[in-house]
Amino acid sequence: MHSALWISKTGMAAQDAKMTAISNNLANINTVGFKRDRVVFEDLFYSVDKQAGTETTELNEHPTGIQLGNGVRVVGTEKVFTQGNIQNTNQQFDLAILGDGFFQIENSDGELLYTRNGQFQTNSDGQLVNTQGYPLIPEVVIPQEATLVSITADGVVSATIPGQVNPEDLGQITIVKFMNPAGLSAQGGNLFIETEGSGEAVELIAGTEGSGQLKQGALEGSNVQVVEEMVDMIATQRAYEMSAKMVSAADEMLQYIAQQS
1 MHSALWISKT GMAAQDAKMT AISNNLANIN TVGFKRDRVV FEDLFYSVDK
51 QAGTETTELN EHPTGIQLGN GVRVVGTEKV FTQGNIQNTN QQFDLAILGD
101 GFFQIENSDG ELLYTRNGQF QTNSDGQLVN TQGYPLIPEV VIPQEATLVS
151 ITADGVVSAT IPGQVNPEDL GQITIVKFMN PAGLSAQGGN LFIETEGSGE
201 AVELIAGTEG SGQLKQGALE GSNVQVVEEM VDMIATQRAY EMSAKMVSAA
251 DEMLQYIAQQ S
């Protein structure tokens, strides 16, 4: 295959992957706790026709050499964990993390999952669970007779119980941090799992050791910026079109060579 055709093909494939990520970002603009995806590229190996420093004559050297690139590839995608906008809901079980960290969720297989989505509610047993029904870890059980539940910035949960003078302590919600949150594996449903790339989860009291604080009655919105994504989409579309034009130009060159031979 003509090198220009191959290089243009890699460019089109790379921009197609970026457009997919942009589409997913925009589709999740109203998803609570969603973090936008970023596509990472790198150039491919180079064909070296002449090394820099090669002697051109007995006394002279080639200053730059001749190196021709072979296109681009997608190295990976990563989540961008910048803070989303905080939206007040006034729902007592809604929680937002102001800063770094994740809530811990346990699925039906006993596996720990991690999320920034703080939409919690109680199940039939009074447990705080997420929208899929998975319990929050550490477990917090709300008594049926509780009239008001309070959650402090550091995660202490208490409830007002009729007939009791002082609020009843129900436990403490902790959050976890990772050395490299971009290394977490997205599982859908706003849930992540730990990987070797993310490092091990470190459980912390909210507000300590660089972890974020909790805000009751609020949710963290998506960190997707519509204008930024639209501008990125236009630039990606133009880059794709330029690669497509290069395919046409390379094809015309090959046709010309074939006609002249």
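For the sequence shown, the working numbering assigns the number 1 to the initial residue and increments by one for each residue that follows. The beta carbon of each residue, even a glycine, is placed where N, CA and C say it ideally should be.
Which of helix, strand or coil does DSSP assign to residue i?
i	result
I173	coil
K18	helix
N190	coil
A153	coil
A182	helix
A159	strand
I66	strand
T122	strand
S198	coil
I142	coil
I137	strand
Compute every distance between the C-beta of residue i and the non-hydrogen atoms of the ligand NAD, then say whether any falls below 7 Å.
i	result
E194	Here there are no bound small molecules, and the ligand NAD is not part of this structure.
Is residue j closer than 8 Å to residue i when the C-beta atoms are compared?
i	j	result
N190	T10	no
E182	F81	The question names Glu, yet the displayed sequence has Ala at residue 182. Yes.
N117	N130	yes
N17	V75	Reading off the sequence, residue 17 comes out as Ala, not Asn. It is not a contact, given that the beta carbons lie outside the stated cut-off.
V141	L170	yes
Q104	V149	no
L68	G212	no
G207	A153	yes
L204	V176	yes
P162	T147	yes
Q172	G155	yes
G84	S248	no
Alpha helix (DSSP H) containing residue i: first to last residue?
i	result
T236	226–260
Taking residue i as part of the beta strand (DSSP E), name the residues at either end of that continuous run.
i	result
L98	95–98
D43	37–43
L112	112–115
V202	202–205
E220	218–220
Quick one: what's got a C-beta closer than 7 Å to residue i's C-beta in the same chain, skipping five residues either side?
i	result
A218	I86, Q87, N88, T89, D94, A96
A4	M246, A250
E139	Q127
A14	F41, V72, R73, V74
I151	L95, V157, I173, L214, Q216
Could you name the residues of the same chain whose beta carbon sits closer than 8 Å to that of residue i, not counting the 5 residues immediately before and after it, in chain order?
i	result
A186	K79, F192
Please decide whether residue i counts as near chain D, where near means a Cβ-Cβ distance under 8 Å.
i	result
G197	Here chain D cannot be found, since the structure has a single protein chain.
Leaving out five residues before and five after residue i in sequence, what residues of the same chain have Cβ atoms less than 6 Å from its Cβ?
i	result
M179	G199
L26	E229
What ranges does the beta strand (DSSP E) occupy inside the segment 69–108, keeping only unbroken runs of at least 3 residues that lie completely in it? 72–79, 86–88, 95–98, 103–106
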